[in-house]
Each structure stands twice: as C-alpha cells, then as structure tokens.
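In our numbering, the protein residues as written are 2 to 457. Ideal Cβ positions, reconstructed from N, Cα and C, are used throughout, including at glycine.
This is the structure we're talking about:
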C-alpha cells in the first residue's frame with residue numbers, strides 16, 4: 002500500500018488529466034471491474050520494458066540494390082532516389098496468421114508516385130522481402146489489416162488479399178529469387194452502372210473511363226473483404242471482394258451530387274462524407290439511405306466508429322460525436338491549431354492530431370477532453386495504445402508520448418526523416434524518406450498469467 006500511495010501521489014503531480022481520474026493506463030488497471038494491484042504493477046513493468054526496447058538499436062528494412070536498378074529502368078529517366086523516397090512512405094502491419102500465431106507477421110510498405118504504385122511485402126521475424134506489387138495505372142490506395150486495394154486510372158479496383166497469399170506461400174516451396182517475385186492481384190473489381198447488372202456484363206462505354214478518386218477496403222466480420230470506391234464522375238460502388246461481386250452502386254444524386262471526401266465501411270454500413278460537411282449513411286443490404294447528418298461547416302476528412310455512435314473530423318479542425326440527431330462538438334485546447342492531420346480511436350479514447358500543431362484526446366464514453374499534448378509542428382501520422390502515443394510531425398520528427406505528460410517523453414533518432422508509424426504489441430515500424438524503415442522489437446516484457454476473480 003505505501004508503494005501504491007506514493008505512485009498515485011507522483012501521478013497527481015501531472016496536470017494532463019481531467020478531473021474524472023487517471024489516464025488510460027492507470028484507469029484501466031485501478032478503476033476497471035475485478036482489477037487488482039498486481040495488474041497495476043504489471044502495467045508499470047510493461048512501461049519500463051517498452052522504454053528499454055525503444056532505447057535499443059533498431060533493425061532496418063532496406064530495398065535490395067537489384068530492385069532499385071530494376072525500378073529505375075522501369076521508370077525511364079527517373080533516378081533511384083525517387084524509388085527510395087516512396088519505398089517506405091506508408092507502412093502498415095499485415096496479419097498473416099502463419100503457424101497459428103496471432104498478430105502481425107508482415108509489414109507492407111510503399112506508395113504511389115507519378116509513375117504508378119510500388120509496394121513491398123516484408124517478413125517481420127527476419128526482415129526478408131517476400132514480394133513486390135507494381136501497378137503503373139495506380140491512382141489511389143488503401144490498406145487494411147489483411148489486404149491492399151488500389152484504384153486505377155481505367156476505373157477498376159485491384160485487391161490483393163495479402164493474408165491469403167502469405168498463408169499459401171508459406172506452404173509452397175520458396176522461389177529461386179524472392180526479391181523479384183511479383184505478387185499478383187487476388188481479384189479485379191470493375192465498375193457497374195447503378196442498375197445492378199449481372200457481374201459478367203461490362204459497363205456500357207461512355208467514351209472514356211472514369212478514374213477511381215477514392216478507395217476503401219475493410220475486413221468485415223473477421224473474414225469477408227469489402228471494398229468501396231468513388232470515381233471522378235461521382236458514382237459510388239461497393240463490392241464483396243471475397244466473391245468479386247458488386248453489392249451496391251449509388252448515383253451522384255443519392256447524396257446531393259456533392260464531391261465525396263471520405264469513405265468508411267463498417268459491417269453492413271457505408272458512410273460517405275462530402276465536401277460540404279454532410280454525412281450520408283447507407284445500408285448495404287438494401288441500398289437505402291438510413292441517416293442524413295449535417296453540422297460540419299467544411300469538408301469531412303475522416304469518419305470512424307467502434308459501435309453505435311459515429312465520430313467525424315472536419316477540415317475546419319472540429320471533431321464531432323454523433324449519438325443522436327444532433328452533433329456534439331468535442332471541446333479542444335487552444336494548443337490545437339489548424340485542420341485535422343490524423344485521427345485515431347479505439348474502444349476507450351479518440352485522439353486527433355492537428356495540422357498546425359497539438360494533439361487532443363477525448364474519452365469515448367463521455368466525450369470529454371482526456372489529455373492535451375503540446376507540439377509546435379503539425380501532426381501527419383499517429384497511433385496509440387493504453388501505454389503510449391507515437392506521432393510523426395510534418396517535418397519528419399517522430400516522438401513518443403505518455404498519457405500523463407503534456408510534452409514528449411522521448412524522440413526517435415533524428416538521422417532519419419520519418420513519414421508514418423504503425424505498431425502493435427510486438428513490433429513498432431517507422432517509415433522514412435531515406436529508403437529504409439526502422440523496426441523496433443517491442444515484445445519481451447514480463448509474462449502475465451490470467452488473473453482469477455479472487456486473485457487479490
């Protein structure tokens with residue numbers, strides 16, 4: 002008990018928590034049902050071991066020279082520097098499910114340049130390159146936990162089920178040269194008119210193909226891939242990517258012929274955010290418009306949900322909670338300036354990074370401010386869990402934050418210019434512009450046995 006009292010007194014020194022209680026790490030241990038002091042001590046140990054892992058020298062992902070030469074030749078007079086700069090512009094952990102393990106086993110990196118899209122799939126345990134994805138007609142892309150979707154200039158959407166490919170390749174003999182292995186798309190989704198034609202009929206030619214301007218892919222119900230896309234004409238299409246069947250097609254007049262600025266798939270629901278600050282929600286089972294939401298004065302940048310309520314982020318810098326007909330504008334600190342640069346949420350908290358500086362966290366349950374984080378530079382990428390937050394600023398600096406402090410707890414090595422971040426319980430990956438990705442091994446903390454109800 003003296004140790005507990007001293008720790009609570011130490012945490013009370015920090016003023017980065019509202020009056021309701023403690024930050025997520027401590028609140029999850031002391032104020033949840035059937036929690037024990039042992040759980041609290043284990044969380045403190047976890048913080049200590051995580052910090053030790055981040056202080057160790059990281060491992061690096063780097064493209065082989067043969068790929069740089071081949072990509073440079075494919076791009077004509079473009080130098081290999083362009084390939085390096087975009088090879089790790091985006092990084093995303095992929096759940097492969099190899100050997101019955103849970104969590105991410107691979108990481109996907111890459112991006113889209115003026116010459117097309119180039120992506121690379123890596124194994125995390127040995128940092129080996131498994132295969133590459135190249136598409137010259139790429140216009141936009143999206144990545145979920147198991148798949149990659151690329152919208153093209155000719156109006157099609159190509160989907161790579163990376164988890165299925167990893168599972169299949171692990172059981173087959175390795176190729177002679179994995180560095181040059183091209184991963185083929187799992188399926189190609191073609192546009193249909195909003196008359197819901199049969200899948201084998203082509204869309205009527207309109208003189209020119211409408212390129213895909215926005216694409217979204219999501220893993221629904223744990224195993225079914227859904228993809229949504231909108232064209233520069235304004236049509237919206239939703240597919241069951243697992244079966245390569247179209248589910249829904251919407252003409253522009255279904256959402257007042259406005260430009261779509263965001264798409265979100267959640268179970269059997271399609272959420273469309275428009276440039277006029279309107280949100281339209283459709284039921285994928287019957288194609289009916291279920292909700293009309295208005296309240297943002299500017300374009301909707303992102304929408305997210307973890308249940309029955311909806312969170313939206315606007316270009317004006319406001320974050321709004323929709324639990325009924327009227328929106329609730331989430332209050333923010335004066336330290337948060339500009340539009341929304343990044344928005345992430347889980348079951349307990351919502352965190353927004355602002356384009357001109359600052360981050361704000363809210364409690365999902367009460368929609369009240371939880372923490373404020375001060376940064377002088379805008380945030381372009383962030384991710385968090387119950388112990389830490391990792392952010393990447395617009396000038397390429399990556400910082401780690403603790404929930405109880407307003408200022409960064411640490412800064413990652415500055416010899417790299419960082420672009421994005423992704424992590425889970427075992428790995429932390431930072432993409433850079435220098436042709437490498439920085440990988441930290443986060444596992445190795447104290448083993449936690451399942452606690453009993455009466456384990457006091």
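query	result
Label residue 93 either buried or exposed according to how many other C-beta atoms from any shown protein chain fall within 10 Å of its C-beta, with 16 as the threshold for buried.	buried
Could you tell me which residues DSSP pairs with residue 345 in its beta bridges?	352
Given 8 Å as the limit, is there contact between the segment 405 to 418 and the segment 377 to 387, that is, 3 or more CB pairs closer than that?	no
Is there at least one Cβ from chain B nearer than 8 Å to residue 108's Cβ?	No chain B is present in this structure, which holds just one protein chain.
Ends of the alpha helix (DSSP H) at residue 426?	Neither: residue 426 is in no alpha helix (DSSP H) and is coded neither H nor E.
Let me make sure I understand the geometry here. Which of 415, 401, 392 has the alpha-carbon closest to that of residue 421?	392
Do residue 146 and residue 160 have their C-beta atoms within less than 8 Å of each other?	no
Taking a contact to mean a Cβ-Cβ separation below 8 Å, would you say residue 263 touches residue 302 in this structure?	yes
Residue ranges of each beta strand (DSSP E) run of no fewer than 3 residues wholly in the segment 108 to 174, ordered along the chain?	117 to 124, 130 to 136, 139 to 144, 148 to 153, 157 to 162
At what residue ranges does the segment 258 to 311 contain a whole run of the alpha helix (DSSP H), taking only runs of 4 or more?	none
State the CB to CB distance for the pair residue 136 and residue 153, rounded to an integer number of angstroms; the pair is presumed to be in contact (CB under 8 Å).	7 Å
Indicate whether residue 270 and residue 260 have their beta-carbon atoms separated by less than 8 Å.	no
Please report the Cβ distance between residue 213 and residue 140, rounded to the nearest whole angstrom; I am assuming they are in contact, meaning their Cβ atoms lie under 8 Å.	5 Å
According to DSSP, is residue 13 part of a helix, a strand, or is it coil?	For residue 13, the predicted structure reports a pLDDT of 44, less than 50, and the residue's modelled location is therefore unreliable. A value from the coordinates is still provided. It is helical.
Given that a residue counts as buried once 16 or more other Cβ atoms are within 10 Å of its Cβ, and exposed if not, what is residue 376?	buried
Put residue 64 into one of helix, strand or coil per three-state DSSP.	coil
Do residue 434 and residue 397 come within 8 Å of each other at the CB atom, strictly closer than that value?	yes
Would residue 286 be called buried (16 or more neighbouring beta carbons within 10 Å of its own) or exposed?	exposed
Could you check what DSSP says for residue 210 in three-state terms: helix, strand or coil?	coil
Under the DSSP definition of a beta bridge, which residues are partnered with residue 1?	What is shown of the chain runs 2 to 457, which leaves residue 1 out entirely.
Just to confirm before moving on: does the CB-CB distance between residue 185 and residue 130 stay below 8 Å?	no
For residue 329, which beta-bridge partners are listed by DSSP?	322
Apply the 10 Å Cβ neighbour rule to residue 89 and answer buried if 16 or more other Cβ atoms are within range, or exposed otherwise.	buried
In angstroms, rounded to a whole number, what distance separates the CA positions of residue 82 and residue 311?	42 Å
So, under 8 Å CB-CB, residue 305 and residue 344 are touching, yes? Tell me the CB distance rounded to an integer number of Å.	7 Å
Please report the straight-line C-alpha distance between residue 225 and residue 338, rounded to a whole angstrom.	39 Å
Could you tell me the alpha carbon to alpha carbon distance between residue 44 and residue 234, rounded to whole angstroms?	51 Å
May I have the straight-line CA-CA distance separating residue 419 from residue 164, to the nearest angstrom?	27 Å
The alpha helix (DSSP H) with residue 55 in it runs from where to where?	38 to 56
Going by DSSP, what residues sit across from residue 420 in a beta bridge?	Bridge partners of residue 420: none, in fact.
Report the partner residues of residue 411 according to the DSSP bridge assignment.	401
Can you give me the Cβ contacts of residue 106 inside the same chain, cut-off strictly under 8 Å, excluding the 5 residues immediately before and after it?	95, 96, 97, 98, 99, 124, 125, 126, 167
Going by alpha carbons, who is nearest to residue 118 out of 86, 103, 104?	86
Skipping 5 residues on each side, what residues in its chain have a beta carbon closer than 8 Å to that of residue 128?	60, 61, 62, 440
May I ask you to report which of helix, strand or coil DSSP gives residue 431?	strand
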